[in-house]
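Notes for the one structure printed next.
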Amino acid sequence: MTARRAYLATLVCFALVLVGSAFALPADVPLHFGGSGDPDRWGSRAEALTTMTAVGGLLAVILGGTAALVDRMPLTYLNVPHKEWWTATPERETRMRSMMRTDLYALAAATMLFLAVVVLATTLAARSEDPALGPFFFAGLACYLVVVLGWTGWALSTRYRRRDDA
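In structure tokens, the structure reads:
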């Protein structure tokens, strides 16, 4: 599966979780949680759904749009290790932009999937007798951080290194 298709699949997943939450959320919903996972701000179902939709939609447009437009961006907006080497020939620049597009879609997919976890965790907390973010949320956060930091570390240390054969 390409990174773009993975991103599109996570958009569908986010939308499905959001629709499911629209039916499952009670009238009062925790809208913010402290570091311990306990809610410290409550609001209405409408406010929760509006906020979740707005955040997800805005991030989808920004992250997906950036990935989709990477071929049209001026080089001054692009930042990679060994930029001078990657932009020395048209072939290298094309390859660099292709890798950047893949990286951006992959990170966007991870982010949208994590947002789906946030919506689901919020819904589960709202329906619980003791509302709090449980292990599901913290496991999702840990996975998200491992993926994003791992992908970024790999890209910076290995993916964009100079290549004598290119």
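Going left to right, the sequence shown walks through residues -24 to -1, 1 to 142 as mature numbering (1 follows the signal peptide of the UniProt record, and there is no 0) numbers them. Beta carbons: idealized from backbone N, C-alpha and C, even for Gly.
The three-state reading of DSSP puts proline 111 in helix, counting H, G and I together. Put simply, the backbone Cα of glycine 10 is about 18 angstroms away from that of arginine 103. Counting the other Cβ atoms within 10 Å of the Cβ of valine 37 gives fewer than 16, which makes it exposed. For tyrosine 53, the number of other beta carbons within 10 angstroms of its own is below 16, and it is reported as exposed. Within the same chain, and ignoring the five residues on either side of tyrosine 81 in sequence, the residues whose Cβ sits closer than 6 angstroms to its Cβ are Ala(-22), Arg(-21), Tyr(-18) and Ala43. Secondary structure at arginine 17: strand, using DSSP grouped into helix, strand and coil. Counted as a single uninterrupted DSSP element, the beta strand (DSSP E) harbouring aspartate 4 occupies residues 4 to 9.
Taking each of Ser12, Leu34 and Leu7 in turn and checking the Cα distance to alanine 22, the smallest one comes out for Leu7. Per DSSP, the unbroken alpha helix (DSSP H) holding serine 74 starts and ends at 66 to 103.
The Cβ neighbour count for aspartate 16, taken over all protein chains shown within 10 Å, is under 16; the residue is labelled exposed. By the Cβ rule, the segment -19 to -1 counts as touching the segment 86 to 96, because three or more pairs are nearer than 8 angstroms. Closest option to methionine 76, judged by alpha-carbon separation, among Thr65, Val95, Met49 and Val123: Met49. In this structure, valine 46 lies away from arginine 68, with their beta-carbon atoms at least 7 angstroms apart.
For arginine 138, the three-state secondary structure derived from DSSP is coil. Here the alpha carbon of alanine 101 sits roughly 53 angstroms from the alpha carbon of aspartate 140. The alpha helix (DSSP H) runs lying completely inside the segment 19 to 59 and spanning 4 residues or more are 21 to 44, given in chain order.
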